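Heads up: the structure comes next, in structure tokens.
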Amino acid sequence: MVILSLTLLNLQWFINYGSYGPVLYLFVVLESFIIIFFVKLEKFLFTLLVFVNVSVLFLIEYLYPGLIGEYATREIRLLDVYTGMLIYLLLSIMLLNMAMKFYISQREKAQLADKLKSAFLANMSHEIRTPMNGILGFASLLKEPGLSGTQQQEYIGIIEKSGARMLNIINDIVDISKIEAGLMKTDIAETNVNEQVEYIYTFFKPEVQKKRIEFSMQISLPSPEAIVWSDHEKLYAVLTNLVKNAIKYTPSGAIQLGYSKKTEEEDVWLEFFVKDTGMGIPADRQQAIFERFVQADISDVRANQGAGLGLSISKAYVQMLGGKIWVESRLGKGSVFYFTIPYRPVIAEKTGNGNELFSQIPEEPGLKLKILVVDDDETSEKLISIVVKEFCRELIKAVDGVEAVEACRANPDIDLILMDVQLPAMNGYEATRQIRQFNQKVVIISQTAFGLSGDREKSIKAGCNDYISKPIRKEALLALINKYFSK
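Quick note: to get the working numbering, add 525 to the position in the sequence shown (first position is 1).
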């Protein structure tokens, strides 16, 4: 638009006798428009272009005045100049009104963002304090003498649930921060959507049944056709968020989870859905709930046990996968959340999905491994040692990368290394690279508390066989052991 405006102004400049006419005023209007509505590099480049353009016009008129000509009479010039001045005034008023509306709009958006963030921070403070109170309170009660075994198990269960709840909140905050910073990437691999849906259905079924809600599942593709190229973790996260949301807002009735294959012209999609008979969402809030820090209603008494980030994260993940997400809802009747991902089936001879994330825990009594645990945090090291104890014939410990390399040189028969990546002296990536120079067979699983999307790629590139993020779940770690050592 700026280029077109300059071209028209240059033409008008020649027609209206250069600086004798009113056109120079319009260059000022154009530059004002550039200053108000463009930023950074674009503003600089367009301003430079206007400056160069006006300089060239000046040189043409100064060096070749005959090309410009003059007004035939003084009266014609006065009429032309004052008419141009009036047009300039009207354009200036329009420009100022546009600028005022633009800045008012930006101010309102900033005020809304501040309001939402304030509500979010207040809610987050409550969300973190509540489970923390449960953890610290019941940990203190566990110290009291005379507790029965039943009471101890009850208190431990409360501590475990409170910790999981707080971890979910922290994970949401970390995820949205990574999305906004552009650090979240996709990891496209073979994914069996049937197994994804079945696992989520099985995982949440006890919780749903506890609330006496019907829970059903719909799978539309046979197993071979259900193996697609997608990001397993992000698909799992979106489905999990939507099911958790349905459970949270459905006091009674039914919840259905499933998917179907859709065709639109030449595009083929998998359309997932989570349907509930819950409280529903007001029509004027159905778009807002996908924005950051927003729940269906900030003052909603049911908007608890959540920081208002789950749906925003889901929207970002779906968009990263090339799909879209939306909701259809009637207040008091329930909601249906839909999202799509491109259907890209895996063309391969095998019919399994190769995804062992949810494999069963090893049950082979003869599985005894020589394991090296590399971790500078005493608590993490102790937890891992306890988890792998029943599958370990010998446990070796190291607190930094240098010790890990030395331990591997001294023990070439080590079967498994659980390698923390953030270590003093030498980090886990460098330690892995050095170990691979003399031992190609040992299985190395990296572990990190960072949880960034590129950590797995960094680990594999350094020479690790696999990756697990902290906090480490027993089931996930043992599933990885089963993946590499089951017969």
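Quick reminder that beta carbons are idealized off the backbone N, C-alpha and C, glycines included. Model, not experiment: these values are computed from the prediction.
Scanning its chain for C-beta atoms nearer than 8 angstroms, with the 5 sequence neighbours on each side dropped, one finds around Ser530 the residues Leu555, in chain order. Judged by their CB atoms, Ser741 and Asp801 are not nearer to each other than the 8 angstroms cut-off. Contact between Val913 and Ile939 does not hold, since their C-beta atoms are separated by about 13 angstroms, which reaches or exceeds 8 angstroms.
Per DSSP, reduced to three states, the secondary structure at Arg998 is coil, with no helix or strand assignment. The residues Lys568 and Thr572, in chain order, have a CB closer than 8 angstroms to that of Ile560 in the same chain once the five nearest residues on each side in sequence are set aside.
Checking the DSSP bridge columns, you'll see Ser854 partnered with Ser860.
Within the same chain, Cβ atoms closer than 6 angstroms to the Cβ of Ala841 are found at Ile704, the five residues on either side in sequence being excluded. Pairing Arg602 with Tyr550 gives a Cβ-Cβ distance that is not under 8 angstroms. Three or more beta-carbon pairs drawn from the stretch 846-863 and the stretch 784-801 are found closer than 8 angstroms, and the two stretches are therefore classed as touching. Judged by beta-carbon spacing, Pro547 lies beyond the 8 angstroms limit of Asp639, meaning their Cβ atoms are not closer than that value. Taking C-beta atoms as the reference points, Ile738 and Ser777 count as a pair closer than 8 angstroms.
Within the stretch 649-729, the complete beta strand (DSSP E) segments at least 3 residues long are 713-717, listed from N- to C-terminus. When secondary structure is reduced to three states using DSSP, Gly783 falls in the strand class. Put simply, the backbone Cα of Leu795 is about 5 angstroms away from that of Lys786. Classified as buried, Phe729 has 16 or more neighbouring CB atoms from the shown chains inside 10 Å of its CB. Separation of Ser910 and Leu920 (C-alpha to C-alpha, rounded to the nearest whole angstrom) is 8 angstroms. For Met944, DSSP records a beta bridge to Val899 and Ser971. Note on geometry: alpha-carbon atoms of Leu534 and Phe558 lie some 14 angstroms from one another.
The straight-line gap separating the alpha-carbon atoms of Ser617 and Leu764 is approximately 53 angstroms.
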